[in-house]
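Residue numbers (this note's numbering): 8 to 238.
Here's what the structure looks like:
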């Protein structure tokens, strides 16, 4: 069943959205950008962190750092729920919003059903972000368990300590990757608001967001600092 008010511009904007998000995700996870960038640099530092953790007897500092990171993920997961709830309330009053939008000449006029579709699409993005942040929060707990299970270092269990450190670093890397995906969803959600004005603005803001993400993840001073080299 076709959506009333869906134009060729809207279809092009949706195709553009999925091409950019899927393409950037593939390029950064399995493509040419997978072995570079701030996520890859952080993974190396995580391996160093957990290796040092395995050599310490007192690991309170490691637990405190992990707790701080997990609180950030919990905050964004809760925020995603609030945003989704606000969008659900907006969906229930979309007819009033449609009438209000008709008073602004710079807003592209469309049908109520199309407005509902856009709100649902935006809700889907923030629901995706919630699951990413919630899973990152859960992985933080698993990482803490592995840190707690790492034995006190001695000459006899050095290999066991190293194995625990590698697995803890792998889980901590998963925390970062899922949280990063959730943050990207926030960026894409902000870009989607442009769709309420015009599909071409939506396409332009998506391209701009991808550019911002690439700049921050692959050409930023933060990357140079973490990697310890020039970029």
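All C-beta atoms in this analysis are idealised placements derived from N, C-alpha and C, irrespective of residue type, glycine included.
Check: For residue 117, does the three-state DSSP call read helix, strand or coil?; Outcome: coil
Check: Quick check on residue 203: does DSSP put it in helix, strand or coil?; Outcome: helix
Check: Please report the residue range of the alpha helix (DSSP H) in which residue 18 lies.; Outcome: 15-36
Check: Note the first and the last residue of the continuous alpha helix (DSSP H) segment covering residue 102.; Outcome: 101-108
Check: For chain B, find out if any of its Cβ atoms is closer than 9 Å to the Cβ of residue 37; answer yes or no.; Outcome: In the displayed structure, chain B is absent; only one protein chain is listed.
Check: Find the nearest neighbour of residue 196 within the set 28, 51, 111, judged by alpha-carbon distance.; Outcome: 28
Check: Find the nearest neighbour of residue 155 within the set 175, 140, 181, judged by alpha-carbon distance.; Outcome: 175
Check: Take the Cβ of residue 191 as the centre, count every other Cβ of all protein chains shown within 10 Å, and call the residue buried at 16 or more, exposed below.; Outcome: buried
Check: On a CA-only basis, which of 206, 230, 131, 193 is nearest residue 217? Give me that one, please.; Outcome: 193
Check: If we require 4 or more residues per run, which alpha helix (DSSP H) segments fall completely within the stretch 202-231?; Outcome: 206-225
Check: Determine the closest residue to residue 159 out of 62, 107, 144, with distance taken between C-alpha atoms.; Outcome: 62
Check: Report all residues from its chain with a CB closer than 7 Å to the CB of residue 84; omit the five preceding and five following residues, and keep chain order.; Outcome: 137, 140, 141, 144
Check: Let me know the secondary structure DSSP gives residue 86 once reduced to three states.; Outcome: helix
Check: Using beta-carbon positions only, say whether residue 23 and residue 210 come within less than 9 Å of one another.; Outcome: yes
Check: Shortest alpha-carbon distance to residue 232 belongs to which of 13, 44, 32, 21?; Outcome: 44
Check: Verify whether the separation of the beta carbon atoms of residue 49 and residue 91 is less than 9 Å.; Outcome: no
Check: Under 8 Å by Cβ, that's how I've got residue 172 and residue 150 pegged, so tell me the actual separation to the nearest angstrom.; Outcome: Actually they do not touch by this definition, with Cβ atoms about 11 Å apart.
Check: Return the CA-CA distance between residue 6 and residue 70, expressed in angstroms with no decimal places.; Outcome: Shown here, the chain extends from 8 to 238; a query on residue 6 therefore has no answer.
Check: By Cβ distance below 7 Å, which residues in the same chain neighbour residue 52 in space, the five residues on each side in sequence not counted?; Outcome: 233
Check: Near residue 17, which residues of its chain fall below 6 Å by C-beta distance, leaving aside the five closest residues on each side in sequence?; Outcome: 206
Check: Which of helix, strand or coil does DSSP assign to residue 169?; Outcome: helix
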